[in-house]
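Report on the following structure.
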Amino acid sequence: MRAFRISLISALLLGAVCVFQEPVRRSTLAVLRFPFALVKAAVSLVVVLPRLPSLAADHDRLRAELVQSRADAVRLREDLRHVQQSHALLDTSLANGIVASVLSRSTIPTQHTVLLDRGRRHGVTLNGAVIDADGLVGRVTELHPATCLVTLVTDPDSRIAGLVERSRESGLLVGRGDGQCEFIYLDIQADIDVEDRILTAGFGGPLPKGLRLGTVTRVERDEASGTTRAVVRPAAHVGRLEEMVCLPPAS
Amino acid sequence: MPAAGLVVLLGCAAAHLALAMVIPSPWWVPDLTLVGLVLAVGIWPARWWLLSAAAGLLTMVWAVRSIGQIFAGYLLIGWAVRLAGRQWDATDPRIESGLVGSASLVLTMGAFWLDDLWSPILLVFTGLRTALTCATVPLVHHLARGRSR
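Going down the list, the protein sequences come from chains A and B. Take 1 as the starting number for the first sequence in the numbering used here and just add one per residue. Take 1 as the starting number for the second sequence in the numbering used here and just add one per residue.
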């Protein structure tokens, strides 16, 4: 009977130590849980082992997606910065812009021009950019007191420095005379693709930077000459022009 | 009524301008100024130089380059129509159509040569525009004859 009491008291003391002494309790539970952990690990191994190859593939894919997402994030931040910059530029320019209407359009198919009802008297300047809601329409090439003649971006004589919005590749946008433009002076490895947008480069010329010029519809790479040229659909609907804004030359 | 030639030319030029305002591409606008010139010289051949100069000046409004060449082109066309009128009946719609078609091709090809523009699509556009311009000759001829009587 005495031995039983001693055993009971010892067991209670041991239990109290295990319950109230955190380090002892943790060690005890670790020992007690070890067999269960072993069994669980064995089961997991049996379940996971057949899926190991696909998991490795998933891992690679997720890593690639992560890298792509980080690159996208960088590009989007750059785009956002660029858009903010362009808006600031355009707001400044538009504040000084002169709204003009089309008086008439060229009847010569090889010379794409429009006559506007604003001229020198209204503050229009020679070589200034003319834009509409969609992008650059052209440049003022002849200035008269009350009117001005604008050479459209599709005219074969039109030459505008531009860059690809996504990759910042720069080149020259020239008119083709058939309602489309070409983006030339690109090397064979130029990073340009269909649906890329072309903006004005504003390399110190009279045109402000960041005006939309058009969208790439076709890219042709010529291995022999080591050059790339892209066919560009103008952003402005040059066949449906009504109201436009004449901008002052960029400073 | 010789002055009717000038009326025909100016009427055609006005119609040309109106069409250019409503049709998106100048390639799809028939060259009514040229039609007017050919018909007007047929009506009033003695003043071919006046009519040619008027047509050239009207077209020069839109030109930003090769202005002198455009003016000279219209003068040459007026002179050629005058010469053709001595050989054939320049008031016959078939002759008029031939002259208009030839003149349209010469003017456009001349512009291609001056601007160094040679592409298959532009040649197709030229052919279609010439055909479109020739197709308007019977209608303009009908209206012009009614006016000149």
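Every residue, glycine too, gets a C-beta built ideally from N, C-alpha and C.
query, result
"Residue of A:Ile192, A:Asp187 and A:Phe4 minimising C-alpha distance to Asp224 (chain A)", "For the record, residue 224 (chain A) in the displayed sequence is Ala; it is not Asp. Answer by Cα proximity: A:Asp187."
"Those residues which DSSP pairs with Cys181 (chain A) across a bridge", "A:Gly175 and A:Val232"
"Cβ neighbour criterion (16 or more within 10 Å) applied to His16 (chain B)", "buried"
"Helix, strand or coil at Ile108 (chain A) [DSSP, three-state]", "coil"
"Under 8 Å from the C-beta of Leu149 (chain A): neighbouring residues of chain C", "Given the protein chain composition of this structure (A and B), no chain C is represented."
"Listed by chain order, chain B residues near Glu142 (chain A) by CB distance under 9 Å", "Val64"
"Residue(s) in a DSSP beta bridge with Gly214 (chain A)", "A:Ile198 and A:Pro234"
"Ile98 (chain A) CB to nearest heavy atom of the ligand HEM below 7 Å", "Absent from the structure shown: the ligand HEM. Ligands present: none."
"Proximity test, Cβ basis, 8 Å: Ile160 (chain A) and chain B", "no"
"Backbone secondary structure at Ala161 (chain A) - three-state DSSP", "strand"
"CA nearest to the CA of Thr113 (chain A), picked from A:Ala100, A:Val140 and A:Gln189", "A:Val140"
"CB contact check: Phe125 (chain B) to chain A, cutoff 8 Å", "yes"
"Extent of the continuous alpha helix (DSSP H) to which Met244 (chain A) belongs", "Note, Met244 (chain A): premise wrong, no alpha helix (DSSP H); beta strand (DSSP E) at Glu243 to Cys246."
"C-alpha gap between Gly226 (chain A) and Glu169 (chain A), whole angstroms", "16 Å"
"Spatially closest choice to Glu182 (chain A) from A:Arg166, A:Leu45, A:Ser158 and A:Pro109, by CA coordinates", "A:Ser158"
"Chain B contact for Thr215 (chain A) (CB, 8 Å cutoff)", "no"
"CB contact below 8 Å: Gln111 (chain A) versus chain B", "yes"
"Phe36 (chain A) versus Leu45 (chain A) - alpha carbon distance", "14 Å"
"Reference Val8 (chain B), options B:Ala63, B:Leu51, B:Leu107 and B:Ala131, closest by Cα", "B:Leu51"
"Residues of its chain near Leu149 (chain A), where Cβ-Cβ distance is below 7 Å and the 5 sequence neighbours each way are ignored", "Thr113, Leu115, Thr141 and Glu142"
"Distance between Arg176 (chain A) and Ile95 (chain B) (C-alpha atoms, nearest Å)", "34 Å"
"6 Å Cβ shell around Ala230 (chain A) - same chain, five flanking residues per side excluded", "Phe183, Ile192, Val216 and Val219"
"Delimiting residues of the beta strand (DSSP E) encompassing Arg139 (chain A)", "Gly135 to Leu143"
"Contact list for the segment 25-54 of chain B against chain A, Cβ threshold 8 Å", "Ser25, Pro26, Trp27, Val29, Asp31 and Thr33"
"Range covered by the alpha helix (DSSP H) that runs through Val43 (chain A)", "Glu22 to Val48"
"CA nearest to the CA of Arg259 (chain A), picked from B:Ala20, B:Ala13 and B:Leu10", "The question about residue 259 (chain A) has no answer, for chain A in this structure spans 1 to 251."
"Contact set for Ala190 (chain A): own chain, Cβ-Cβ below 6 Å, skip 5 residues either direction", "Glu169 and Thr228"
"Contact check, Gly5 (chain B) vs Trp44 (chain B), beta carbons under 8 Å", "yes"
"Rounded C-alpha distance that separates Ala64 (chain A) from Ser101 (chain A)", "52 Å"
"Per-residue burial, Arg47 (chain B) [other beta carbons within 10 Å of its own, 16 or more giving buried]", "buried"
"Pick from A:Val245, A:Ala16 and A:Pro249 that is closest to Ile131 (chain A), judged by C-alpha positions", "A:Val245"
"Classification of Leu49 (chain A) by the beta-carbon crowding that lies within 10 angstroms, buried from 16 upward", "exposed"
"Per-residue DSSP class, three states only, for Arg168 (chain A)", "coil"
"CA-to-CA distance, Pro120 (chain B) to Leu75 (chain B), given in whole angstroms", "29 Å"
"His144 (chain A) classed as buried or exposed, judged by whether at least 16 other C-beta atoms fall within 10 angstroms", "exposed"
"Exposure of Ser106 (chain A), with buried meaning 16 or more beta-carbon neighbours within 10 Å", "buried"
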